[in-house]
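Step one of this worksheet: look at the structure below.
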């Protein structure tokens with residue numbers, strides 16, 4: 001399943017919210033609805049849910065995420 005994002009900067013807002021939510025689609029959708037109601041004072045309605053569903057976007061892959069990091073040998077303290 002692909003990750004989704006919802007960026008409040010792309011939604012109409014009087015408070016100029018900059019919150020971005022990312023995760024699995026259902027998680028982002030539910031969190032975005034709760035945020036719209038609690039932070040923006042919207043009524044939880046079919047229209048709100050439709051607007052939010054339309055604002056969900058595929059998350060852009062970030063450099064380095066999902067790649068294994070090379071292991072480094074522990075450094076021994078120097079004894080000078």
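Numbering (full-length UniProt numbering), first residue to last: 1 to 80. For glycine and all other residues, C-beta sits at the position ideal for the given N, C-alpha and C. Since this is a predicted model, take the numbers as computed values, not measurements.
Item: Based on the DSSP output, what are the partners of residue 22 in its beta bridges?; Value: 5
Item: Compare the C-alpha of residue 13 against each of 5, 37, 27 and name the closest.; Value: 37
Item: Just tell me which of 2, 4, 26, 35 has its CA closest to the CA of residue 18.; Value: 35
Item: Just to confirm my understanding: we take residue 31, look at its own chain, exclude 5 residues before and 5 after, and list those with CB closer than 7 Å. What are they?; Value: 21
Item: Contact defined as beta carbons within less than 8 Å: I believe residue 28 pairs with residue 5. What is the distance between those atoms, to the nearest angstrom?; Value: 7 Å
Item: Would you call residue 15 buried or exposed, if buried means 16 or more other Cβ atoms sit within 10 Å of its Cβ?; Value: exposed
Item: Within the continuous alpha helix (DSSP H) that includes residue 47, where are the two ends?; Value: 46-55
Item: Just confirm the distance between the C-beta atoms of residue 10 and residue 55, as a whole number of angstroms; I'd bet it's less than 8 Å.; Value: 6 Å
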